[in-house]
Each structure stands twice: as C-alpha cells, then as structure tokens.
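Numbering (UniProt numbering), first residue to last: 1 to 338.
Here's what the structure looks like:
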C-alpha cells in the first residue's frame, strides 16, 4: 500500500512474478551501490502495508545477503545492531540518518569505529548539501527511487559516478511531461515523471502520472558502464511546490541553502501564514555547534533573498525544538487561510 502522503493510499497487488522481478531490480540497485555478498545489510524501513522494507528483504534473501530486518524507530537499538553485528550498509528513508546521527552524538557513539560504509536512502526529496552532511559519518550515500504504484522501491538508483539515477529501462518506460498540459518534454527539460511498467501483473500501469518533478539527464552510457537512461534527483512533487508572493519554489531548494552552514542542523520547517492579507514565510532552523555568527546569518539572509526575491523571517531555535518522527519529516507547515 502506498504511504498516502498526498491522497488516498493505493493498494498494490503483487503476483509471484512481480515479487521475483522486484527482487531482480533491487539486486541491480544493491550492486550499483557497490554492495557484495560480503556486506551485511540493516533494513531500517517499514515492513507493514508501506512496502519499503520488503524490496530490500526479498532481494537480499534471494541472493544470500546477511540481513537484519530492524524496521523503524528504536534508535539506540539500531546503533547497537550496527556495531555488534558489524553492519556495512543500511537502507532508510532520507531523513532517518539525521536523527540517528543526533542519537549517536548524545550517546557517545562513533560511526567511524564501525564497519558501516554505505547508506541507501529514498522516499523523500533531499539536497546535495544534506547528502554531504550525512556522509560526514564516514559513509557513501546512494539515492534510490521508486513508489508502491510502480512496484515498490527500486525503479532506479545512482552509482558511484554520481552522474544521475539509472532507471531500469527493460522494466520501465520513463517520460517527462508538462504537469499542466501533459505534453511530452524534450530530454533535459524539467517536468512530471510518467511511468509505464512493462512487466507488472498485479497492478499494470500505462503512463502513470507520478507527480514527481524530475528531468532526464542523459541517455548515453555512464562512465560506470551501465547503458540505462539517467534521471536527475527528484526535485519535489507537483503538490510540494510552494507559491509565496508570486514565487514558486520547492522545500528542497530552501534546504540546499540551509545545509551549507555547519551551525544549522538538518531539521528545519517552512511556516506559511497569512498576515494582513499577505502571505508571509518563516524558516525555523535548529542551531548546532554554537549556531550561526552574525555574519553568517546575514549571508544566509542574502542568499535566500537572491533565491526568493524577497526577505523571509529566520527563526533560529535550540537543537531538538522541531519534533522528531520515525516516518517522513514534516518540512512545511501551511497556516494560510484557504
């Protein structure tokens, strides 16, 4: 079942062949992420109706990987498993490592004293700046995409070359269309990703509108040797786009500006309100390591102004102020009058 982030959850029926094919594409994904049978994989994803964890589990079980189906939550337990079982890789939603790093810091846990070397992250949009922050724990991160409707996680993943996300074209046809008109756009043009699943039996899809905003990077062979087309990181969903004072932008673009500063944590919220009939935006960001200097705060304000074209309020709060949740992070709080 889909997560229902923006609407009614979709029930995903899978046949035995669908599961076998899912295992195949996930095997490609794990290989693309440099994993071998010598690796030990911890699955920090749900094993309920949201099927994120099963994709990793089916593939790892089929090929014979050492797997730990840890599920969500219980951060101290996750850290203990990583250390005691000498875990080398884990799969999780993109925002999960941020909290794991916090708990590690609070408990004196050092990731560099473990065997962990790879994290495979998906289910949420995240910026290159956030990626750099996560890799400070001494791991390489890989971006994996997919959704329940198309058969689950594993539609594509990036490789060590970091030249785009490889989409498995023998299983999926990818098109990019104008979100408003449905017109197919040329390669390199940003638009809504449309997926046709070539082999699905339980839930066949023809030109499924994903609402994900993305672009085709290249159809040429990658330096890693793979020949499948490559798409860029997902910028956001059609529904995620915010419009304030006539300016359209995505939360991930705000994140990219915030994560350049070491004095800010990966936790932030964008609060939208109507004040005297006008839309106002407040960015709430947590401070770490002493926060921002006056000069840095002024520079951040300038960068946001250059991007948005208007000044927004910045509210710097103590670390831990924004609620931590095991599922997808809440980045936007829209209080505007509808």
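Every residue, glycine too, gets a C-beta built ideally from N, C-alpha and C.
Remember, it's a predicted structure, so these values are computed and weren't measured experimentally.
Under 6 Å Cβ to Cβ from residue 114, same chain only, skipping five residues before and after it: list those, please.
These residues qualify, in order along the chain: 82 and 83.
Is the separation between the beta-carbon of residue 238 and that of residue 186 shorter than 8 Å?
no
By how many angstroms is the C-alpha of residue 56 removed from the C-alpha of residue 66?
Going by the C-alpha atoms only, they are around 11 Å apart.
Selection from 126, 148, 14 and 22 that minimises the alpha carbon distance to residue 236
126
Using a 10 Å radius around the Cβ and a threshold of 16 neighbouring Cβ atoms, would you call residue 298 buried or exposed?
exposed
Who are the Cβ neighbours of residue 87 in its own chain at under 8 Å, not counting the five residues just before and after it?
Excluding positions up to five away in sequence, the list reads 40, 41, 42, 68, 81, 114, 115 and 116.
Please report how far the alpha carbon of residue 326 lies from the alpha carbon of residue 146, in whole angstroms.
Approximately 20 Å, taken between the alpha carbons.
From what residue to what residue does the beta strand (DSSP E) around residue 147 run?
140-147
Rounded C-alpha distance that separates residue 60 from residue 21:
13 Å
Between residue 307 and residue 10, what straight-line distance do the alpha-carbon atoms span, to the nearest angstrom?
36 Å
Counting along the chain, where does the beta strand (DSSP E) carrying residue 266 start and finish?
For residue 266, the enclosing beta strand (DSSP E) stretches over residues 264-275.
Classify residue 36 as buried or exposed, calling it buried when 16 or more other Cβ atoms lie within 10 Å of its own Cβ.
exposed
Where in the UniProt domain "AMP-dependent synthetase/ligase" (79-195) do unbroken runs of the alpha helix (DSSP H), each at least 4 residues long, occur, reported from the N-terminal end onward?
96-107 and 128-135
Proximity below 8 Å, CB of residue 251 to CB of residue 286:
no
How is the beta strand (DSSP E) around residue 306 delimited, first residue to last?
No beta strand (DSSP E) holds residue 306; the alpha helix (DSSP H) holding it covers 294-308.
Would you report the Cα separation of residue 277 and residue 315, rounded to the nearest angstrom?
22 Å
Cutting at 6 Å between CB atoms, please list the residues of its own chain near residue 324, excluding the five before and the five after it.
Around residue 324, the same chain offers 99 as residues with beta carbons nearer than 6 Å, after the five sequence neighbours per side are excluded.
Classification of residue 133 by the beta-carbon crowding that lies within 10 angstroms, buried from 16 upward:
buried
Does DSSP classify residue 340 as helix, strand or coil?
The displayed coordinates of the chain run from 1 to 338. Any statement about residue 340 would go beyond what the structure contains.
If I follow the unbroken beta strand (DSSP E) through residue 242, where does it start and stop?
242-244
Using only the alpha-carbon positions, how far apart do residue 274 and residue 18 sit?
48 Å
Taking only the alpha-carbon atoms, compute the straight-line gap between residue 158 and residue 103 and give it to the nearest angstrom.
28 Å
Endpoints, beta strand (DSSP E) assigned at residue 282
Unbroken beta strand (DSSP E) run through residue 282: 278-287.
Run the CB neighbour count on residue 192, radius 10 Å, all protein chains shown included, and call it buried at 16 or more, exposed below.
buried
Which residue wins for smallest C-alpha separation from residue 28, given the options 135, 62, 205 and 92?
62
Roughly how many angstroms separate the alpha carbons of residue 232 and residue 162, rounded to a whole number?
Answer to the nearest angstrom: the Cα atoms are 10 Å apart.
Which residues does DSSP list as the beta-bridge partners of residue 21?
DSSP lists no bridge partner for residue 21.
Checking 8 Å against the spacing of the C-beta atoms, do residue 176 and residue 216 come in under that value?
yes
Burial state of residue 384 (16 or more Cβ within 10 Å)
The question about residue 384 has no answer here: the residues shown for the chain are numbered 1 through 338.
Can you tell me whether DSSP reads residue 27 as helix, strand or coil?
helix
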